[in-house]
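Q:
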Amino acid sequence: MLVMADDYVGYRIVSFLCKREEPIEVFIYDPNDRGGYNQEMIRLIRDVNSKVEIYSNDDLKRADIKEHIRSLKIELGILAWWPFIISDSIINLTQRGFVNTHPGYLPYNRGKHPYFWCLVDNTPFGVTLHYVDKDIDHGGIIAQKEIPFTWLDTGETLYEQSREEILNLFYEHFDSIKNGTAQTTPQLDVEGTIHYGKQLEPFCKIDLEKAYPAKILLNICRGRMFHGQGAAHFTDGGKDYTISILIQERGQNDQ
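Under our numbering, residues 667 to 921 are what the sequence shown spells out, in order.
1) Between the alpha carbons of residue 721 and residue 881, how many angstroms are there, rounded?
2) Could I get the ranges of all uninterrupted beta strand (DSSP E) runs contained in the region 713 to 769, with 3 residues as the minimum, in chain order?
3) Who are the Cβ neighbours of residue 714 in its own chain at under 6 Å, not counting the five residues just before and after it?
4) Can you tell which of 723, 798, 866 and 885 has its C-alpha closest to the C-alpha of residue 852?
5) Going by alpha carbons, who is nearest to residue 821 out of 847, 744, 854 and 791?
6) Tell whether a beta-carbon distance below 8 Å holds between residue 740 and residue 668.
7) Tell me which residue opens and which closes the beta strand (DSSP E) that residue 796 is part of.
8) So what's residue 844 in DSSP terms, helix, strand or just coil?
9) What did DSSP end up calling residue 880 once you bin it into helix, strand or coil?
10) Grab the span of the beta strand (DSSP E) containing residue 812 for me, first residue to last.
11) From 916, 788, 766 and 702, pick the residue whose C-alpha is nearest to that of residue 804; which is it?
12) Based on DSSP bridge pairs, tell me the residues matched to residue 871.
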């Protein structure tokens, strides 16, 4: 098995695989080390297989390393919360391709920041296990779960829910994925939505001279409420300001 893992979800999936003593032959890590889990994941994997080959994502830019990994004839690849789009040359490193853990209810919210765009675009939110093809978040679906949201949710609450639900899906379906018996269904024949990382920040800069529908403005503000990762913001008088809002359900006595 070839595992490319990052952050909390990547760590939890690696922990799950190592507890089961699944044979991870190659491990790829993100040098950005979101969450600071890289060294612990490497330690867990080496405790199970001291001969595991470990590479940085940057190493995959080298043709000789990719050719070496391909020569190992690894059956299956897992993308565990992997933050990068992988090319055909990476997909073809394993014989059965890759299974991806995506925090979006495909075909809606392909790409980056689904927990934000589902609010702004008013699209379904959830998580999806799917096979990877040449297009972004586009392959056959193994399983998915919709996560309903209300006005009390923020981008952060949806993100946290998506982490736990994708783990539950992975644990539930791993045996069928491993054995090659997992059934897949094509993604719905609808246009869906897709967003890229570079879209988020410009969209979250509020223009004080622009008219926004109230619903859109509220959704931008709550969707971007994410501790440690920025907020909706605006500039006035040469100064920058960030926006936080609190939405609560109104009680009968709040008249």
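C-beta atoms are modelled at their ideal positions from N, C-alpha and C, and glycine is treated no differently.
A: For this structure:
1) Straight through space, the alpha carbons of residue 881 and residue 721 are spaced by roughly 45 Å.
2) Whole beta strand (DSSP E) segments, 3+ residues: 719 to 722, 743 to 746 and 764 to 768.
3) Here the set comprises 684 and 687.
4) Comparing Cα positions, the closest option is 798.
5) Nearest neighbour of residue 821 by Cα position, chosen from 847, 744, 854 and 791, turns out to be 791.
6) It is a contact, given that the beta carbons lie within the stated cut-off.
7) It spans 792 to 797 - the beta strand (DSSP E) in which residue 796 sits, taken as one unbroken run.
8) DSSP places residue 844 in helix when its eight states are reduced to three.
9) Note: residue 880 maps to helix in three-state DSSP.
10) Its beta strand (DSSP E) spans residues 807 to 812.
11) Out of 916, 788, 766 and 702, 766 has the C-alpha closest to the C-alpha of residue 804.
12) Looking at the DSSP output, residue 871 bridges to 899.
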